[in-house]
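A.B. asks: One structure is given below, represented as structure tokens, and several questions about it will come after.
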Amino acid sequence: AAAPSLWAAGVVAVLASLASAIVALGLLASPPAAAPQASRKPGVVLPPGFSKPAAKPPAFEKPVSASPMAALWSGGCCWRPSEGESEEGNDDAYAACLRPPHVTDGGAQPWLTGPGSLHPKFCGLRYNAATASLPSLHRFPRKLAQETAAPDAWEASLKCSDEERRLCRELRGRVAATPGLKDPVTMLRFLRARKGRLDAAEAMYVAAMRWRHANGLEAGFRTGALDDALHRRLDAYWPPTALMGRDRDDDPVYWNRMGLGSTDFLAEVPVGFIGRHEVYTITRILQALEEKSSREGRPSMYMTVVVDLADFQLRNTNVKALPKYKVCARILEDYFPEMVKRIVVVRAPRVFYTVWRVLSGFFDEGTRAKIQIVDSANTFETLEKLIDPEWIPEALGGCSRIAGSAYCEPLIPGPSAMSVPKDLLDDIKAFDADGGGGLQ
51 AAAPSLWAAG
61 VVAVLASLAS
71 AIVALGLLAS
81 PPAAAPQASR
91 KPGVVLPPGF
101 SKPAAKPPAF
111 EKPVSASPMA
121 ALWSGGCCWR
131 PSEGESEEGN
141 DDAYAACLRP
151 PHVTDGGAQP
161 WLTGPGSLHP
171 KFCGLRYNAA
181 TASLPSLHRF
191 PRKLAQETAA
201 PDAWEASLKC
211 SDEERRLCRE
221 LRGRVAATPG
231 LKDPVTMLRF
241 LRARKGRLDA
251 AEAMYVAAMR
261 WRHANGLEAG
271 FRTGALDDAL
281 HRRLDAYWPP
291 TALMGRDRDD
301 DPVYWNRMGL
311 GSTDFLAEVP
321 VGFIGRHEVY
331 TITRILQALE
341 EKSSREGRPS
351 MYMTVVVDLA
361 DFQLRNTNVK
371 ALPKYKVCAR
381 ILEDYFPEMV
391 KRIVVVRAPR
401 VFYTVWRVLS
411 GFFDEGTRAK
421 IQIVDSANTF
431 ETLEKLIDPE
441 WIPEALGGCS
451 RIAGSAYCEP
461 LIPGPSAMSV
471 PKDLLDDIKA
481 FDADGGGGLQ
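Our numbering puts the first residue of the sequence shown at 51, with every later residue one more than the last.
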């Protein structure tokens with residue numbers, strides 16, 4: 051007779067974790083700083099396929115078109131010829147872009163064939179206007195954060211008060227001896243994360259930068275010093291998120307199909323690796339924001355996050371995933387604060403409202419003010435007030451459709467994200483067992 055109650059408790063526990071994870075999308079408070087990453091054992095050979103260039107995909111018949119390049123882009127292909135390269139004779143590149151997302155034979159997508167390409171999920175801010183084609187997938191420059199951070203001259207264009215600018219300058223002076231970013235955007239993020247309290251902001255900054263420097267993950271992923279092949283293989287599955295478009299304030303939009311996330315995978319993946327993957331994901335998001343800022347000549351500090359729970363089912367309720375959610379949430383909040391200005395949760399299951407009413411009392415007013423829960427009937431009406439319909443996927447009532455997908459797949463991961471391939475999970479476990487440099 052006790053079983054239903056225990057099951058219900060498990061469901062509520064995971065929903066509570068889910069709500070906490072949504073709040074933690076400040077990507078986006080802290081346990082003691084994690085220990086530095088374990089060094090790779092000398093002589094360890096990575097499992098096959100981690101960085102080996104993939105074989106060419108089989109021949110693929112292009113749709114009929116007057117121009118090969120017109121066919122390429124009308125079909126939603128992500129490949130584009132590099133400077134001086136002919137569009138002719140690139141059937142393999144074209145075929146690779148149109149293969150199904152769930153195929154993982156090494157020739158499915160450009161981001162699986164080598165480190166020169168990114169998963170589309172990180173490239174959606176490269177659009178100047180909505181289009182039916184995928185954006186360029188070339189990787190971000192191999193540079194440290196100090197080389198791509200906002201210049202000091204941008205301090206005047208930050209959306210903040212003169213008092214905040216003064217406090218940021220004082221904070222920079224206080225942390226001068228601590229290695230790490232000290233650009234205007236970083237200073238403002240840490241100041242606001244501690245509500246303008248200088249002592250608290252200083253302590254948070256020092257702890258965060260020491261943690262980021264000690265494990266070396268962010269720098270390694272930025273410069274290419276760390277092999278990210280496993281992470282690129284996992285991008286299509288976890289997390290089921292993507293950057294695409296801008297809100298009405300011209301800030302980026304981050305789409306999160308959390309209902310597709312597999313908590314069975316999260317329960318099985320080593321905690322050290324999922325922490326490493328979280329840092330990898332945040333690093334790529336930061337690089338995308340920096341690229342947008344550099345292109346536009348002004349800082350891009352915040353994102354609007356849209357969380358879609360329409361596909362939430364019992365598979366999302368594996369209680370063994372709770373510790374992994376917590377690891378991800380703490381990394382986001384403690385070491386990479388103040389990246390989100392609002393979170394809109396759409397198409398939430400009814401039970402979520404009940405859980406949220408209870409959990410919301412545990413968060414401060416400022417955090418609650420950032421979060422809006424919307425039912426299915428009001429999804430588009432709410433989103434349209436915040437985001438131009440050209441950037442809202444058709445599946446949510448907007449006009450955006452990519453590569454024939456109403457949910458802009460594969461830029462935004464689709465249903466294939468629900469099933470992480472066993473061989474990928476096995477390779478992750480082998481990598482972790484061999485001292486793969488995860489967070490311990």
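Don't be surprised by glycine CBs; every beta carbon is placed ideally from N, CA and C. Quick caveat, the model's predicted, so the values are computed rather than measured.
1) Using the three-state DSSP reduction, which class does N306 fall into: helix, strand or coil?
2) Taking C-alpha atoms, which residue in P465, R192, P399 lies nearest to E340?
3) With DSSP as the reference, label S167 as helix, strand or coil.
4) DSSP on K391, reduced to helix/strand/coil?
5) Which ranges does the alpha helix (DSSP H) cover as unbroken runs of at least 4 residues, wholly within the segment 325 to 402, from first to last along the chain?
6) Under DSSP, the beta strand (DSSP E) around R296 begins and ends at which residues?
7) Taking the alpha carbon of L162 as the reference point, which residue from L280, L267, G266 has its own alpha carbon closest?
8) With DSSP as the reference, identify every bridge partner of P191, one or two as the case may be.
9) P229: buried (16+ other C-beta within 10 angstroms of its C-beta) or exposed?
10) Give me the residue from D249, Q337, V401, M353 with the minimum Cα distance to F496.
11) Are the segment 316 to 335 and the segment 251 to 260 touching by the rule of at least three beta carbon pairs closer than 8 Å?
12) Mapping DSSP to helix, strand and coil, what is R225?
13) Sorted by chain position, which residues of the same chain lie with C-beta nearer than 8 Å to S207's C-beta, five sequence neighbours on each side aside?
14) Going by beta-carbon coordinates alone, are P399 and L359 separated by less than 9 Å?
15) Can you tell me which of the three DSSP states I478 falls into?
16) How is G447 classed by DSSP in three states: helix, strand or coil?
17) Ends of the beta strand (DSSP E) at V424?
18) Less than 9 Å between the C-beta atoms of V369 and V395, yes or no?
19) Measuring straight from C-alpha to C-alpha, what distance separates L420 and T354?
20) What is the DSSP secondary structure of D142, reduced to helix, strand or coil?
21) Where does G174 sit, in a helix, a strand or coil, going by DSSP?
22) Judging by CA-CA distance, which residue of M351, S312, T331, E328 is the nearest neighbour of D233?
23) Among I324, E415, L293, D384, whose alpha-carbon lies nearest the alpha-carbon of A506?
24) Can the beta-carbon of P302 be found less than 9 Å from the beta-carbon of L310?
25) Hey, out of E440, I324, R262, L248, whose CA is closest to K376's CA?
26) Taking W406 and I423 to be in contact with their CB atoms under 8 Å, please state how far apart those CB atoms are, rounded to whole angstroms.
27) Can you grab the Cα-Cα spacing for the pair R247 / V235, in whole Å?
28) In this structure, does DSSP put S466 in helix, strand or coil?
29) Kindly indicate which residue of Q159, L175, G164 has the alpha-carbon position closest to the one of I335.
30) So the alpha helix (DSSP H) P234 belongs to, where does it begin and stop?
31) Consult DSSP for S410 and reduce its assignment to one of helix, strand or coil.
32) Would you check if the distance between the CB atom of L241 and the CB atom of E205 is smaller than 9 Å?
33) Using the beta-carbon count (16 or more within 10 Å), is E431 buried or exposed?
34) Going straight from the alpha carbon of K472 to that of G166, what length do you get?
35) Taking C-alpha atoms, which residue in P185, L217, A264 lies nearest to K245?
36) Closest by CA to K374, which one among T313, R418, R345?
C.D. replies: Judging by the given coordinates:
1) Three-state result, N306: strand.
2) Here the closest residue by C-alpha is R192.
3) For S167, the secondary structure class from DSSP, reduced to helix, strand or coil, is strand.
4) In the three-state DSSP reduction, K391 falls in the strand class (E or B).
5) 372 to 385, all fully within the segment 325 to 402.
6) First-last of the beta strand (DSSP E) with R296: 291 to 296.
7) Checked all of L280, L267, G266; the closest Cα to L162 is L280.
8) Answer by DSSP bridge pairing: none, since P191 is not bridged.
9) Taking all protein chains shown into account, P229 has fewer than 16 neighbouring C-beta atoms within 10 Å of its C-beta and is therefore exposed.
10) Since the first and last residues shown for the chain are 51 and 490, residue 496 lies out of range.
11) Short answer: they don't touch.
12) According to the sequence shown, residue 225 is Val rather than Arg. Three-state DSSP puts V225 in coil, outside helix and strand.
13) Correct list, in chain order: R348, P349.
14) Cβ atoms of P399 and L359: closer than 9 Å.
15) I478 falls in the helix class under three-state DSSP.
16) In this structure, G447 counts as coil in the three-state DSSP scheme.
17) 421 to 424 is the span of the beta strand (DSSP E), which, as asked, contains V424.
18) No. Outside cutoff.
19) Residue 420 is actually Lys in this sequence, not Leu. Taking the straight line from one Cα to the other gives about 10 Å.
20) Summary for D142: the model assigns pLDDT 41, below 50, so the residue's position carries little reliability; its value from the coordinates is reported in the next sentence. In the three-state reduction of the DSSP assignment, D142 falls in the helix class.
21) In the structure shown, the three-state DSSP call for G174 is strand.
22) Comparing alpha carbon positions, the residue from M351, S312, T331, E328 closest to D233 is M351.
23) It is not possible to answer for residue 506, since the shown part of the chain is limited to 51 through 490.
24) If you check the CB distance, P302 and L310 do not come in under 9 Å.
25) Nearest of E440, I324, R262, L248 to K376, Cα basis: I324.
26) Contact check for W406 and I423: beta-carbon distance about 6 Å, within the 8 Å limit, so the pair qualifies.
27) Rounded to the nearest angstrom, the two C-alpha atoms are 17 Å apart.
28) In this structure, S466 counts as helix in the three-state DSSP scheme.
29) Taking only the C-alpha atoms, the option nearest I335 is L175.
30) Annotation for P234: the continuous alpha helix (DSSP H) segment containing it runs 234 to 243.
31) Helix at S410.
32) No, the Cβ-Cβ distance between L241 and E205 is not below 9 Å.
33) Burial call: exposed.
34) Taking the Cα positions, K472 is about 25 Å away from G166.
35) Relative to K245, the option among P185, L217, A264 whose CA is nearest is L217.
36) Looking at the Cα atoms, T313 is the closest of the given residues.
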